[in-house]
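Enquirer:
In this note's numbering, the protein residues as written are 464 to 617.
(1) Tell me whether residue 475 sits in a helix, a strand or coil according to DSSP, three-state version.
(2) Nearest CA to the CA of residue 589: which residue from 475, 601 and 479?
(3) Can you look up residue 536 in the DSSP assignment and give me helix, strand or coil?
(4) By alpha-carbon positions, which one of 546, 592 and 495 ends up nearest to residue 578?
(5) Give the single residue among 573, 499, 556 and 611 whose Cα lies nearest to the Cα of residue 647.
(6) According to the neighbour-count rule (16 or more other Cβ atoms, all chains shown, within 10 Å of its Cβ), is residue 612 buried or exposed?
(7) Please return the same chain residues whose Cβ sits closer than 7 angstroms to the Cβ of residue 571, not counting the five positions on each side in sequence.
Given below as structure tokens:
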């Protein structure tokens, strides 16, 4: 919202927002400012991804009756507890927090690990699951899955 209010065009990737309201406010700001906002996913720019989708679309696999997409994410170890600390130089922490609850800076909630905290993201489903769904939906030329199942936990 701040970017389009500043007259900039924006490219965004997931997680775009943590609520429908946040997303609606973003759309309103983009329209008000006549900004171009593109939503994308990095894997669509990779040649091997494009080649695989083209192969599926070629029909050489015949009629596809079932598509399964999964990701084993058992590699992540527990995040150690670390004390709050001063905001690093060059980090505009208030802007980084956006609409999230205001709280002291903690490196556990920053950079890569932010995705494990509900204030900032939706965990693995919104972080990686969206890529798995994108592969399947694009390959099948559909906009919504017929069903989804998830399991897991530690």
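Backbone N, C-alpha and C fix where the C-beta goes; we use that ideal spot for every residue, glycine too.
Expert: According to the structure shown:
(1) Strand.
(2) 479
(3) coil
(4) 592
(5) The first residue shown for the chain is 464 and the last is 617, placing residue 647 beyond what the model contains.
(6) Exposed is the call here.
(7) 542 and 545
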